[in-house]
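The listed protein sequences derive, respectively, from chains X and U.
For the first sequence, our numbering gives the first residue as 6, with consecutive numbering after it.
For the second sequence, our numbering gives the first residue as 2, with consecutive numbering after it.
Each remark here refers to the structure printed beneath this line.
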Amino acid sequence: MTSAWEWHTPAERRNRWLGTLGVAAGLGWAWSHISARTTWGFVLDAGVQLQDMGLRMFPPDASYLAALFQPLVDTLHIATLGTVLGVSIAIPVAFLAADTTTPSRRVLRPLALLVLVTSRSVNSLIWALILVVLVGPGLLAGVLAIALRSVGFVGKLVYEAIEEAPPLPVMAIETTGAGRAHALAFGLLPHVLPTMAGVSVYRWEINIREATILGIVGAGGLGMALQASIDALAWSRVSVILGVILATVVVAETVSARVRKGLA
Amino acid sequence: MRTEAAGAWRPPPRIASATTRRLLVLGGGAYTVIALVTIDVDAARMAEGAARAVDFFGGWLRPDFVTRWSDIRAGLVESLAMTLAATAAGFVLSVPFGLGAARNLVPPPVYAVCRGALAVFRAFHEVLVAILFVAMFGFGAFAGFMTLVVATVGFLGKLLAEAVEEIDAAPLEALTAAGAPWLSRIAFGVLPQVMPRILGLTLYRLDINFRESAIIGLVGAGGIGATLITAFARYEFESVSAILILIISMLFLAEVVSGRLRRRLL
């Protein structure tokens, strides 16, 4: 009565088949939906379009580089100030959201979690779109958009770090008769400070990338120059801007990697 | 370090050199001031905005799902289709790129080419890629699909390469010693070690792609973003609010579902 060893039971096999079938059906539907909405003539001549665009982009208009200095500085300001503002909002919210440090589990904790989820669900470009309507186009809208998006990201990672921190140091300090604030400052903060710093620097790197495009909806920086050049069909400038964006992102990534290595 | 003479104990500073500390604080402060000055806050415009803020948040409180429902539904369905198709295509394409960018599997020239390609895929923000693809492929879902594919390959490919570089080398060596050809070594020595992690990351990317599909529509690449920007352009804040609420609740749902699925896969 020896039967060959089988990896899956019949029920498992059936479920795997059904799962595969379901995924395949879903993908088939998705593709046919896209395909039905596509003008294939436009897709098929993409090569021609690319060549055409390439020819217009080259040679890049090097004289435009000087005009990009101010937008570049603006972009860096948007990313940096936005990160600073975002982090300074995120850290108190994280303390309210963490199970171990929240002053009220019933009211403040769910509220803080809601703030973090909302902030994370709305992309900074949409925040910028909203803020341009509210505070007008320019740097301020960009800074606020970056800050609002960063709160959720930094806040989530920091509150998870707070919850994972060992409880003993805080308890030990509290048994000496220290108040709650002292106990947290000396028992918890040293433990989560490296996470806070690392997460902030990482978010700054992401924010640099995002700040380069916020201008598309009017929130200042390189994106604004990009949108203007595209609208004017000045493709030889577009290539210069794309080059500057690429260089900025690479430099920011390198700086961020160095700093985080130093922090770890 | 003996500090009892100073009275209250203080933890030692993280940066030992006092000069470096002061320079950092000074530099940070100076930068913040300079940067803040360059932001010119237009008080008149903000006052004007305050009236709109009332309008806007008023609209936020009265979300209108009905008036533009057919547009909103079409946008959401298109976003969903783009997300599903792009995640699947991106996953399939990321496997060759990811294996090619793993130092321990391929010769250096292949490694350099694949690493380079993945870096290029990730360097530009999705919106910039979408602008390029809209120019190439025309407006609509196909440009959005292509954008998400590129972003997904860049993301999954890099993480796959990193996962492959960290695998336990013993099964691979055993297969090599037994004379297994390259493809068999990959299929039996590498993939079983990295697939659970990559499938989990693919689910995570599904989530991200849906988020991004709301953004790339702003530059003409289809999906719910196109509906959103139209509502904005018409100042129909009630519809904007309805769309944002739907996006947030779908993302919330997606997070719950993908969290469950991930736990079952791992």
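Heads up, the beta-carbon is just placed ideally off N, CA and C, and yes, glycines get one too.
Of all residues in the stretch 30 to 46 of chain U, only Tyr-32, Thr-33, Ala-36, Leu-37, Thr-39, Ile-40, Asp-41, Val-42, Asp-43, Arg-46 come within less than 8 Å of chain X when Cβ atoms are compared, listed by chain position. The C-beta distance from Gly-160 (chain X) to Leu-121 (chain X) rounds to 5 Å, short enough to meet the 8 Å contact threshold.
In the three-state scheme derived from DSSP, where H, G and I count as helix and E and B as strand, Phe-125 (chain U) is classed as coil. Classified as exposed, Pro-115 (chain X) has fewer than 16 neighbouring CB atoms from the shown chains inside 10 Å of its CB.
Selection U:Arg-11, U:Trp-70, U:Glu-166 evaluated against Val-191 (chain U) yields U:Glu-166 as nearest (Cα-Cα). Burial check for Phe-146 (chain U): the Cβ neighbour count within 10 Å reaches 16 or more, so the residue is buried. Its Cα nearest to that of Trp-61 (chain U), the residue U:Phe-233 stands out among U:Tyr-112, U:Leu-254, U:Leu-100, U:Phe-233.
With respect to Leu-157 (chain U), Thr-228 (chain U) sits apart: the two C-beta atoms are not nearer than 8 Å. At least one C-beta of chain X is nearer than 8 Å to the C-beta of Glu-79 (chain U). Ranked by Cα distance from Ala-150 (chain X), the first of X:Val-78, X:Ile-218, X:Ala-190 is X:Ile-218.
By the C-beta criterion, the stretch 235 to 242 of chain X is judged not to be in contact with the stretch 202 to 216 of chain X, since fewer than 3 inter-stretch pairs fall below 8 Å. Taking all protein chains shown into account, Ser-80 (chain U) has 16 or more neighbouring C-beta atoms within 10 Å of its C-beta and is therefore buried. Here DSSP, grouped into helix, strand and coil, assigns Thr-200 (chain X) to helix. Judged by DSSP secondary structure, Thr-153 (chain U) falls within the alpha helix (DSSP H) whose first and last residues are 142 to 166.
Residue contact check for Phe-156 (chain U) against chain X: no CB pair falls below 8 Å. Just so you know, the alpha carbons of Leu-55 (chain X) and Phe-253 (chain U) end up roughly 38 Å apart. Annotation: the continuous alpha helix (DSSP H) that includes Trp-22 (chain X) extends over 15 to 41. For the pair Ile-225 (chain U) and Gly-76 (chain U), the CB atoms are nearer than the 8 Å cut-off.
Runs of the alpha helix (DSSP H) lying entirely within the stretch 127 to 195 of chain X, each at least 4 residues long, are 129 to 140, 144 to 169, 173 to 180, 185 to 188 in chain order.
The beta-carbon of Arg-114 (chain X) is placed no less than 8 Å from the nearest beta-carbon of chain U.
Within the stretch 136 to 170 of chain U, the residues whose Cβ lies closer than 7 Å to some Cβ of chain X are Ala-136, Met-137, Phe-138, Gly-139, Gly-141, Ala-142, Phe-143, Phe-146, listed in chain order.
Shortest Cα-Cα distance from Pro-76 (chain X) to any of X:Val-256, X:Leu-251, X:Gly-220, X:Leu-136 involves X:Gly-220.
Interface with chain X (8 Å Cβ-Cβ cutoff): Val-128 (chain U) is included. With its beta carbon at least 8 Å from every one in chain U, Ala-72 (chain X) lies outside the interface. Using a 10 angstroms sphere on the CB of Gly-46 (chain X), the tally of other CB atoms stays under 16, which defines it as exposed. About 15 Å separates the Cβ atoms of Val-148 (chain X) and Ile-211 (chain X), ruling out a contact at the 8 Å cut-off. By the Cβ-count criterion, Asn-128 (chain X) is buried, with 16 or more other Cβ atoms from all chains shown falling within 10 Å of its own Cβ. For Arg-53 (chain U), a Cβ of chain X is located within less than 8 Å of the residue's own Cβ.
At a cut-off of 8 Å between beta carbons, Ile-246 (chain U) makes no contact with chain X. In this structure, the CA atom of Val-206 (chain X) is about 42 Å from the CA atom of Arg-42 (chain X). Residue nearest to Thr-88 (chain U) within the set U:Ala-44, U:Ala-162, U:Asn-210, U:Pro-182 is U:Asn-210 (criterion: CA-CA distance). When secondary structure is reduced to three states using DSSP, Arg-111 (chain X) falls in the coil class, being assigned neither helix nor strand. C-alpha of Ala-175 (chain U) to C-alpha of His-38 (chain X): approximately 46 Å in a straight line. When Cβ pairs closer than 8 Å are counted between the two stretches, the stretch 137 to 147 of chain X is seen not to touch the stretch 241 to 251 of chain U, the count staying below three. In this structure, Ile-217 (chain U) lies near Ala-131 (chain U), with their beta-carbon atoms less than 8 Å apart. No Cβ-Cβ contact shorter than 8 Å links Ser-126 (chain X) with Leu-153 (chain X).
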